[in-house]
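Here the structure is laid out as structure tokens; the discussion comes afterwards.
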Ligand code: GDG
């Protein structure tokens with residue numbers, strides 16, 4: 005039966021090796037573990053990851069495999085070296101700082117990258133061991149960016165989802181990584197790529213469009229025949245778990261204990277892992293400033309700061325710990341007294357029930373990272389406020405800020421705003437606190453972790469289905485003999501060929517696309533057989549087609565049908581076409597060229613084309629949208645059409661199109677064979693006038709009226725060569 009496989013760097017267990025060698029597992033309480041519990045614990049589903057310990061002996065490993073298998077988990081065993089280079093190194097000293105906008109902390113070390121590739125391959129091998137066609141794979145987070153493509157190469161049709169738990173940086177940041185292209189190519193093995201926020205997905209798409217050859221349209225990337233969807237899925241929490249825990253009697257008695265110890269003082273709470281992205285020193289400095297500016301709060305309010313040890317093997321984390329220790333000492337030394345400790349600082353992890361008690365008791369939740377993918381602490385704080393009393397101060401740099409707009413949102417780099425927010429929070433009237441918390445609770449209840457898992461899995465199934473619908477059929481070895489035999493039997497063959505993008509590739513300079521030797525010999529081959537009637541049907545000026553192909557006995561149709569030259573005949577022009585509109589439209593296009601370096605105008609007899617293939621990515625698209633909207637209005641009142649092609653905007657008379665032009669050359673004899681090949685939307689007009697039994701072929705993978713597709717210009721040439729054998 006088809007199953008779902010979850011893969012993350014760490015398995016959702018804590019493994020303990022007791023002194024006698026006995027191994028014990030404790031389920032992890034993380035949000036992801038509970039959320040995905042509903043998935044991996046069912047049926048044959050599994051979760052694959054590192055169990056968190058180095059196990060060298062085969063016996064120990066076998067034992068761990070057996071134990072984990074009982075819990076629907078499978079281990080990937082990593083060595084101490086791999087953890088140092090792949091995990092602490094590439095994941096946490098390269099990707100983590102770059103993705104969180106700390107480029108100055110990135111360690112550019114090739115051995116990290118080598119290990120990253122190796123370990124991703126190790127994960128791939130492990131996954132392949134357990135996977136069958138038809139399964140669904142869900143890869144988690146930045147440690148495994150290369151895994152989707154590694155899996156794709158072995159399992160071309162399988163459904164692969166990927167979710168990025170940390171931010172995805174802007175292109176300006178991402179481009180600094182020497183391994184940027186490989187990282188993107190790795191990720192683009194997935195069918196669905198999820199981020200917490202719209203901004204993350206926008207950044208990702210912008211990097212894809214700048215660094216890969218794949219086309220990006222809206223939220224889709226077209227990689228060969230695979231259509232990849234990029235989407236935002238803001239992760240939620242297990243709401244009931246936090247609400248229930250806040251209501252538990254043990255939590256309440258813990259709260260009473262804390263309240264007694266605090267002696268009526270108000271409490272500001274912060275909880276995070278020790279990490280420079282969390283903005284801990286900035287928070288302490290802001291609190292210090294708050295006490296200086298609002299001394300009336302001295303002895304009335306304390307900051308409880310829980311800092312969970314993390315990555316303490318990495319040098320920069322050790323330095324951060326020292327900074328935090330010093331700042332806490334300084335604040336307590338400066339402001340504190342026998343009755344009052346301004347900052348209660350705990351450098352350790354605390355059990356869930358204590359965490360819940362803190363969430364309950366805190367007047368203010370202070371969640372102020374400098375950058376954070378989502379931040380679940382902010383959400384858990386809100387869910388724990390059963391009496392709806394309390395205020396959340398939230399950094400706008402956390403993904404959670406996009407959903408929790410009823411928090412007090414601050415820029416953590418702005419100390420003034422930070423201090424004001426603390427004052428506003430501590431003086432906020434109760435009704436306002438209640439109304440803000442209530443609104444956030446309603447949203448968090450609905451968009452909880454189970455909802456997140458559901459919409460991701462549904463999204464993955466949907467894109468897989470969509471991929472099928474988008475597929476025109478690739479001409480394969482079973483279609484080819486049939487096409488060839490029809491071709492052989494036909495007394496006359498009408499072969500409609502588009503030129504650019506079909507017979508030759510694109511070039512920034514359109515004048516540099518004359519037929520090369522291979523193409524000329526294909527033309528010669530086609531021309532040799534008198535049963536062939538080749539009709540080149542292009543948007544190019546007739547002079548160009550004449551110079552490049554005039555010597556062949558072909559029908560040439562130029563400018564989408566303005567000019568026609570029949571086999572061995574003369575050029576003739578379509579009658580009654582006006583061109584006085586060109587003066588006005590050219591002025592508008594000229595103004596665009598002035599503002600858009602790299603663009604230019606191509607003038608045809610009855611058309612004007614604005615080309616932007618040579619323009620900076622993004623700017624060209626922006627200008628083309630501007631130009632389109634500017635021209636659309638003018639065009640409709642002047643009998644013109646405005647068309648958007650591959651890096652071009654074209655204006656021409658409405659009665660000119662490839663379909664109308666091609667139609668004249670379609671024979672009425674059912675014994676004749678019709679073949680049409682083209683790559684862009686102007687060729688769709690040709691396809692649409694073809695008889696039902698015609699062989700129509702789209703080059704590339706966009707949606708099409710054609711029956712078949714071929715991938716590239718090279719494939720088209722090979723196909724044409726086969727017709728001549
Ligand atoms: C990454 C992204 C994104 C913390 N201390 C204790 C404790 N915790 C729990 C919290 C919360 C979780 O750990 C921390 O989650 P965050 O979301 O705040 O941050 P990261 O660990 O950096 O996670 C982040 C997340 O992935 C999910 O996609 O939101 O942006 O960086 O659940 O409650 N739990 C207990 N004791 C502690 O001392 N019991």
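Residue numbers (my numbering): 5 to 729. By construction, the Cβ of each residue, glycine as well, lies at the ideal position given by its N, Cα and C atoms. On a predicted model such as this, the values are computed, not experimentally measured, just so you know.
* When the Cβ atoms of the region 302-322 are set against those of the region 433-441, are three or more pairs found closer than 8 Å? -> In short, these stretches do not touch, since the Cβ pair count stays below three.
* Less than 8 Å between the CB atoms is what I'm expecting for residue 593 and residue 612, so what's the real figure, rounded? => About 6 Å separates the beta carbon of residue 593 from that of residue 612, a gap short enough to meet the 8 Å contact definition.
* How many angstroms separate the CA atom of residue 551 from the CA atom of residue 690? -> Rounded to whole angstroms, the separation of the alpha carbons of residue 690 and residue 551 is 24 Å.
* Starting from the C-beta of residue 358, find all residues in its chain whose C-beta is less than 8 Å away, skip the five residues before and the five after it, and write them out in chain order. => Around residue 358: 258.
* To do: Note down, in chain order, each residue of its chain lying with its Cβ closer than 7 Å to the Cβ of residue 59, except the 5 sequence neighbours on either side.
  => Same-chain partners within the cutoff: 65, 68, 81.
* Answer with buried or exposed for residue 97, where buried requires no fewer than 16 other C-beta atoms within 10 angstroms of its C-beta. => Label assigned to residue 97: buried.
* Taking Cβ positions, are residue 398 and residue 390 nearer each other than 8 Å? -> For residue 398 and residue 390, no; Cβs fall outside 8 Å.
* Asked: Taking 8 Å as the CB-CB limit, is residue 539 close to chain D?
  -> Judged by its chain identifiers, the structure shown contains no chain D, having just a single protein chain.
* Would you list the one or two residues that DSSP bridges to residue 78? => Answer is 52.
* Asked: What do you reckon, is the C-beta of residue 354 under 7 Å from a heavy atom of the ligand GDG?
  -> For residue 354, the Cβ falls inside the 7 Å cut-off from some heavy atom of the ligand GDG.
* Asked: How many Å lie between residue 313 and residue 284 at the Cα?
  -> When rounded, the separation of the alpha-carbon atoms in residue 313 and residue 284 is 13 Å.
* Which of helix, strand or coil DSSP assigns to residue 73 -> Residue 73 falls in the helix class under three-state DSSP.
* Asked: Per DSSP, residue 714 forms a beta bridge with which residues?
  -> Paired residue(s): 703.
* Can you tell me where the beta strand (DSSP E) with residue 505 in it begins and where it stops? -> No beta strand (DSSP E) contains residue 505, which DSSP labels as neither H nor E.
* Asked: Are the beta-carbon atoms belonging to residue 648 and residue 610 less than 8 Å from one another?
  -> No; because the gap between Cβ atoms is not below 8 Å, this pair is not in contact.
* To do: Kindly examine the ligand GDG and report whether one of its heavy atoms sits closer than 7 Å to the Cβ of residue 198.
  => With a cutoff of 7 Å, residue 198 does not count as near the ligand GDG, since its C-beta is closer than that to no heavy atom of the ligand.
* To do: Identify whether residue 112 lies in helix, strand or coil by the three-state DSSP scheme.
  => DSSP places residue 112 in the coil class of the three-state scheme, outside both helix and strand.
* To do: Go ahead and label residue 385 buried or exposed: buried means 16 or more other beta carbons lie within 10 angstroms of its beta carbon, across all protein chains shown.
  => Counting Cβ neighbours within 10 Å, residue 385 comes out buried, since at least 16 surround it.
* To do: Any chance you could list the beta strand (DSSP E) runs of at least 3 consecutive residues sitting entirely within the region 551-613, in chain order?
  => For the region 551-613, whole beta strand (DSSP E) runs of length 3 or above, ordered along the chain, are 559-562, 567-569, 575-577, 604-608.
* Could you check which residue in 227, 242, 11, 514 has the C-alpha nearest to that of residue 168? => Considering only alpha carbons, the answer is 11.
* Flag this pair as touching only if the region 13-31 and the region 361-368 have three or more C-beta atom pairs under 8 Å; answer yes or no. => Counting Cβ pairs under 8 Å, fewer than three are found: no touch.
* Express the C-alpha separation of residue 271 and residue 393 in angstroms, rounding to a whole number. => Going by the C-alpha atoms only, they are around 12 Å apart.
* Asked: Is it buried or exposed for residue 493, if we count other Cβ within 10 angstroms and need 16 for buried?
  -> Classification for residue 493: exposed.
* **Segment contact, 8 Å Cβ cut-off, at least three pairs: the region 119-132 with the region 198-210** => No, the region 119-132 is not in contact with the region 198-210.
* **Proximity winner among 7, 458, 586, 172, relative to residue 402 (alpha-carbon distances)** => Closest in C-alpha terms to residue 402, from the list 7, 458, 586, 172, comes 172.
* **Length of the line joining the Cα atoms of residue 458 and residue 639** => Roughly 47 Å between the two C-alpha positions.
* To do: Could you say if the region 230-241 and the region 323-341 meet the contact criterion of at least three C-beta pairs nearer than 8 Å?
  => Here the region 230-241 makes no contact with the region 323-341; the two share fewer than three CB pairs at distances below 8 Å.
* Asked: Quick one: Cα of residue 623 to Cα of residue 213, how far?
  -> Between residue 623 and residue 213, the C-alpha separation is close to 12 Å.
* CB of residue 169 to nearest heavy atom of the ligand GDG: below 7 Å? -> Under cutoff, so the answer is yes.
* alpha helix (DSSP H) segments (min. 4 residues) lying fully within the region 155-238 -> Uninterrupted alpha helix (DSSP H) stretches at least 4 residues long and entirely within the region 155-238 occur at 175-178, 184-191, 202-215, given in chain order.
* My understanding is that residue 136 touches residue 161, with C-beta atoms under 8 Å, so please give their C-beta distance in whole angstroms. => The pair is not a contact, with the Cβ atoms about 11 Å apart (cut-off 8 Å).
* C-beta contact flag for residue 645 and residue 656 at 8 Å -> Against a cut-off of 8 Å, the Cβ pair of residue 656 and residue 645 comes out as a contact.
* Excluding sequence positions up to five away, which residues of its chain have a Cβ less than 7 Å from the Cβ of residue 119? -> Hits under 7 Å: 86, 89, 90, 93, 94.
* Asked: Hey, is residue 96 close to the ligand GDG, as in C-beta under 7 Å from one of its heavy atoms?
  -> Remark: the shortest separation between the CB of residue 96 and any heavy atom of the ligand GDG does not fall under 7 Å.
* Asked: Run through DSSP, which three-state label would residue 645 get?
  -> In the three-state reduction of the DSSP assignment, residue 645 falls in the strand class, which pools E and B.
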